[in-house]
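Numbering-wise, my numbering comes out as the position in the sequence shown, counting from 1, plus 6.
Heads up, the beta-carbon is just placed ideally off N, CA and C, and yes, glycines get one too.
The structure appears below as structure tokens.
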Amino acid sequence: MNKADLVSVMANEADISKAQATKALDAMLDAVVAALKDGDKVTLVNFGTFSVANRAARTGRNPRTNEAIIIPEKKVPKFRPGKNLLDAVE
Numbered sequence: 007m008n009k010a011d012l013v014s015v016m017a018n019e020a021d022i023s024k025a026q027a028t029k030a031l032d033a034m035l036d037a038v039v040a041a042l043k044d045g046d047k048v049t050l051v052n053f054g055t056f057s058v059a060n061r062a063a064r065t066g067r068n069p070r071t072n073e074a075i076i077i078p079e080k081k082v083p084k085f086r087p088g089k090n091l092l093d094a095v096e
């Protein structure tokens, strides 16, 4: 399922136009991104939790030269599914 498919399902389920569904989905995604940028967690009860994790610096290898390189630490988004989502997928 891609974004257009999701917008179509949202529009049909909520009995709204696709334009309104697109606007609602974009607003929700923007809010999640803004919260994660601020270092906050976003918890959607019965769905899951979005958070930011710190990935430690590590040593990697350049595959072309086999030279060791340092990969710097960075922040990465994480998602932890909720129980209801896990149960629905099973």
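Same chain, Cβ closer than 8 Å to L42, neighbours up to 5 away in sequence not counted: V48, F56, S57, V58, P83
Measure the alpha-carbon distance for V39 versus E73 and round it to whole angstroms. 36 Å
Same chain, Cβ closer than 6 Å to A63, five either side skipped, listed in chain order: P78, E79
Use the C-beta contact count for V51: other C-beta atoms within 10 angstroms, 16 or more gives buried, fewer gives exposed. exposed
V82: first and last residue of the uninterrupted beta strand (DSSP E) it sits in: 80-87
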